[in-house]
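K.L.:
Starting off with a structure, shown below.
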Ligand SMILES: Nc1ncnc2c1ncn2[C@@H]1O[C@H](COP(=O)(O)OP(=O)(O)OP(=O)(O)O)[C@@H](O)[C@H]1O
Ligand SMILES: [Mg+2]
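What follows is the structure, given as structure tokens:
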């Protein structure tokens, strides 16, 4: 994609901010546009100005705390060249649904929250709460989601710094962009997430300006060390092996997000199905089997597709599930397909013929594996076999 400039770049930025529901940022940016285009595009400037006046800024966002300037006054840092806002803001209410977490994760994050809530007790003993943590795990397992939830639990906003955006700043600017973003985040209590922190490490191998990258790493190293205890600094990565060991060592806590186990897969399917569980519930065991090895976000995407199809009446639930497990069967080894066939025989009323068609396991094999009496196959048919 070519670099956008001028009006086009500004239009793209408005769309981005609007889609992120960053209404206050849209206002600030629009006000800037009015000033910028007053000379060259007076009609446009006037129209935007009218829109702004027609919808006055809402005072007192829930975030506003005494002593800290409201967000509208603290302008979010923007890269001057790309005009991309470097920080994304999330403000969620504390009754936000918690992510599906393993018992281990629940415990370590629970402790992190308690440390913050009982900071005074720790301080009396000369202790400070955990100030930084690094989230490690495959894509779609809930790293970003958990950061949002944590911030909501702590009653502070979450700022997400996309390091890819920082890295795409003009050479020589990424260091100052990074500093601007970090300084902004340090000004008031918040959770700051350095997302895809491996972006820096990854670039090290293919880039020319090693000096610049070293500076970025140095900036982050210092910040992790000096992060104020009022804030929480998080980082997330899919590639822990790429992280500079010196940086790695500095995080107070390493939180490992694993791919969901069977029980969590089942929970996720139920949660994502919502009220459609009534319809798909009869497939739960087979879906749990078929989704194993998939991330939460893969599961969510597929379930959303099912739900849309039944909502519009385009495909019946049975066909959706059948097509899906057929596709999944292709990625299984032979034993996996046999296990799936046995499960289908046990859990559904599908004929052996259909099961064989779905899983690619021959009817003879299905019979062999299910002939131990554990499944209900009419005696007559068994003899026929
Ligand atoms: N643990 C979870 N509990 C509930 N939903 C989840 C969980 N993990 C992921 N999801 C669903 O998948 C979506 C994507 O998850 P998220 O963005 O947190 O993944 P991630 O680990 O940050 O991935 P990436 O490494 O690609 O950034 C979430 O918005 C949510 O809908
Ligand atoms: Mg993420």
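In the UniProt record's numbering, the protein residues as written are 1 to 385. Glycine included, every Cβ here is placed at the ideal spot set by N, Cα and C. Fair warning: this is a prediction, and the values are worked out from it, not measured in the lab.
1. Is the stretch 302–310 in contact with the stretch 270–287, if contact means three or more CB pairs nearer than 8 Å?
2. Between the Cα of residue 78 and the Cα atoms of 311, 13, 156, 324, which residue gives the shortest distance?
3. Would you mind reading off the limits of the beta strand (DSSP E) that contains residue 256?
4. Please name the residue, chosen from 197, 263, 327, that lies closest to residue 242 on a Cα-to-Cα basis.
5. Residue 237 to residue 274, Cα distance in whole Å?
6. Report the residue from 27, 32, 253 whose alpha carbon sits nearest the alpha carbon of residue 136.
7. Ligand 2: which residues have Cβ under 7 Å from any of its heavy atoms, chain order?
8. If we call anything under 8 Å between Cβ atoms a contact, is residue 166 one with residue 176?
9. Report back the beta-carbon spacing between residue 113 and residue 153 to the nearest angstrom; my notes put them in contact at under 8 Å.
10. Among 351, 314, 357, whose alpha-carbon lies nearest the alpha-carbon of residue 326?
11. Tell me whether residue 379 sits in a helix, a strand or coil according to DSSP, three-state version.
12. Can you tell me the Cα-Cα spacing of residue 124 and residue 183, whole angstroms?
13. Please report the distance separating the alpha-carbon of residue 132 from that of residue 315.
14. Mapping DSSP to helix, strand and coil, what is residue 132?
15. Could you pull out every residue in the same chain whose Cβ sits closer than 7 Å to the Cβ of residue 26, ignoring the five residues on either side in sequence?
16. So, helix, strand or coil for residue 361, using DSSP?
17. Does ligand 1 have even one heavy atom less than 7 Å from the beta-carbon of residue 297?
P.N.:
With the structure as the only source:
1. yes
2. Locating residue 78 in the chain shown gives position 78, counting from the first residue. Among 311, 13, 156, 324, the Cα nearest to that of residue 78 belongs to 13.
3. For the purposes of this step, residue 256 is identified with residue 256 of the chain shown, where counting begins at 1. Per DSSP, residue 256 belongs to the beta strand (DSSP E) from 253–256.
4. Along the chain shown, one-based indexing puts residue 242 at 242. Of the listed residues, the one whose Cα sits closest to residue 242 is 197.
5. Numbered from its first residue, the chain shown carries residue 237 at position 237. Numbered from its first residue, the chain shown carries residue 274 at position 274. The straight-line gap from Cα to Cα measures roughly 30 Å.
6. The count along the chain shown starts at 1 and reaches residue 136 at position 136. Per the Cα distances, 253.
7. 143, 144, 195, 236
8. In the chain shown, residue 166 corresponds to position 166, counting from 1. In the chain shown, residue 176 corresponds to position 176, counting from 1. Taking 8 Å as the cut-off, the Cβ atoms of residue 166 and residue 176 do not count as close.
9. Position 113 of the chain shown holds residue 113. Position 153 of the chain shown holds residue 153. Rounded, the Cβ-Cβ distance is 5 Å, consistent with contact.
10. Counted from its first residue, the chain shown places residue 326 at position 326. The shortest Cα separation from residue 326 among 351, 314, 357 belongs to 357.
11. Taking the first residue of the chain shown as 1, we reach residue 379 at position 379. Caution applies to residue 379, whose pLDDT of 44 falls short of 50 and renders its modelled position unreliable; the model cannot decide the point.
12. Within the chain shown, the letter at position 124 stands for residue 124. Within the chain shown, the letter at position 183 stands for residue 183. Rounded to the nearest angstrom, the two C-alpha atoms are 28 Å apart.
13. The residue given as residue 132 occupies position 132 in the chain shown. The residue given as residue 315 occupies position 315 in the chain shown. One alpha carbon belongs to residue 132, the other to residue 315, and they sit about 48 Å apart.
14. Within the chain shown, the letter at position 132 stands for residue 132. Looking at residue 132 - three-state DSSP - the assignment turns out to be strand.
15. Taking the chain shown and counting its residues from 1, one reaches residue 26 at position 26. Cβ within range, chain order: 14, 17, 18.
16. Taking the chain shown and counting its residues from 1, the one referred to as residue 361 is at position 361. Residue 361: coil per DSSP, three-state reduction.
17. Here residue 297 refers to the residue found at position 297 of the chain shown. Flag set: Cβ of residue 297 near ligand 1.
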